[in-house]
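Everything below concerns the one structure shown next.
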Amino acid sequence: HQLAHAIFPLGELDKSEVRAIARQQGFIVHAKKDSTGICFIGERKFRDFLQRFIPARPGDIVTTAGTRIGEHSGLMYYTIGQRQGLGIGGIEPGSDEPWYVVDKTLDKNRLIVAQGVDNPALFHSKCRITDLHWISATSNQSPGEYSARIRYRQQDTPCRLVASESDTAIIEFSQPQRAITPGQALVLYRGQQCLGGGTIEGAFNS
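No gaps in the numbering here: position 103 of the sequence shown is 269 in our numbering, and each next residue is one more.
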């Protein structure tokens with residue numbers, strides 16, 4: 167019941183409106199550049215921050231067919247859907263389309279890649295979420311129609327909650343989703359109401 171006492175004075179305003187109010191009030195931060203980084207590491211590069219705490223394990227970069235085409239510097243540095251920084255351009259023979267990360271196999275320390283921004287290996291129709299949490303005990307927590315968001319600023323996507331057990335659930339999307347990333351949050355909505363969500367554990371099609 168703690169949320170009942172929370173006040174969100176900016177809840178109905180978008181960022182441009184907040185900046186305008188800040189400018190009117192003379193706040194010097196009104197023109198501050200937007201930040202998309204991680205607030206608690208400051209100006210440091212994310213890779214440098216990770217290296218301080220997690221030993222890097224280089225390994226093979228392989229295609230979806232299992233062909234080794236390069237070496238990665240540590241799986242922690244790459245995310246599903248990533249294009250930049252792979253260092254595997256210009257491989258002959260083959261297509262000149264860019265390579266994208268489509269999977270990571272932790273047990274073999276392999277980075278799996280495929281060519282093309284719309285490669286089928288990047289798309290999945292279902293995902294499993296863990297640490298499922300419902301904001302309200304009165305939320306409809308049963309299988310049924312919802313909408314979901316799997317990344318920041320993404321449009322809500324129609325989906326179905328097809329199975330749920332304690333703190334896990336299976337989500338089926340109305341259309342296959344690109345680059346569903348384990349470890350990211352999936353948030354469930356019904357209309358404008360945020361009902362809850364969980365952590366993406368994995369994506370699949372069958």
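The beta carbon of each residue, even a glycine, is placed where N, CA and C say it ideally should be.
All figures in this text were calculated on a predicted structure; none of them were measured in a lab.
Mind checking which residues open and close the beta strand (DSSP E) that includes F174?
-> Here residue 174 corresponds to residue number 8 of the sequence shown, with the count starting at 1. Per DSSP, F174 belongs to no beta strand (DSSP E) and is neither H nor E.
Rounded Cβ spacing between V268 and I246 (contact assumed at less than 8 Å) = Stepping through the sequence shown from its first residue, residue 268 is reached at position 102. Stepping through the sequence shown from its first residue, residue 246 is reached at position 80. Indeed, because the Cβ distance is near 7 Å, the residues count as touching under 8 Å.
Can you tell me which of C360, R276, S201 and L179 puts its alpha carbon nearest to the alpha carbon of Y312?
-> As a first step, residue 312 is located in the sequence shown; it is residue number 146 there, counting from the start. Closest in alpha carbon position to Y312, among C360, R276, S201 and L179, is C360.
So which of Q358, A303 and C325 has the shortest CA-CA distance to L169?
-> Locating residue 169 in the sequence shown gives position 3, where the first residue counts as 1. Here the closest residue by C-alpha is A303.
For K292: DSSP bridge partner residues | On the sequence shown, residue 292 is found 126 positions in, with the first residue counted as 1. Looking at the DSSP assignment, K292 forms a beta bridge with E338 and F370.
The segment 323 to 332 in contact with the segment 182 to 200 per 3-pair CB rule at 8 Å = no
Cβ-Cβ distance between W265 and V283 below 8 Å = Walking along the sequence shown from the start, residue 265 turns up at place 99. Walking along the sequence shown from the start, residue 283 turns up at place 117. Contact flag unset, no.
Which of helix, strand or coil DSSP assigns to K270 = What you label residue 270 is simply residue 104 of the sequence shown in a count that begins at 1. Three-state DSSP puts K270 in a strand.
For G363, which residues of its own chain have a beta-carbon under 7 Å away from its beta-carbon, when the five flanking residues on both sides are left out?
-> Within the sequence shown, the letter at position 197 stands for residue 363. Around G363: H299, A351, L352, V353 and L354.
Could you give the distance in angstroms between the alpha-carbon of S239 and the alpha-carbon of H290?
-> In the sequence shown, residue 239 corresponds to position 73, counting from 1. In the sequence shown, residue 290 corresponds to position 124, counting from 1. In a straight line, the C-alpha of S239 is about 27 Å away from that of H290.
Between the C-alpha atoms of F219 and N285, what's the straight-line distance to the nearest angstrom?
-> The residue given as residue 219 occupies position 53 in the sequence shown. The residue given as residue 285 occupies position 119 in the sequence shown. So the alpha carbons of these two residues sit roughly 34 Å apart.
Near F370, which residues of its chain fall below 7 Å by C-beta distance, leaving aside the five closest residues on each side in sequence?
-> Translated into positions along the sequence shown, residue 370 becomes position 204. Excluding positions up to five away in sequence, the list reads H290 and K292.
Look up G362 in the DSSP assignment and give the residues it is bridged to.
-> In the sequence shown, the residue the question calls residue 362 occupies position 196. DSSP lists W300 and L354 as the beta-bridge partner residues of G362.
Nonlocal neighbours in the same chain, by C-beta distance under 6 Å from N275, ignoring five residues either side = Here the question's residue 275 lines up with position 109 in the sequence shown. Cβ within range, chain order: R223 and G225.
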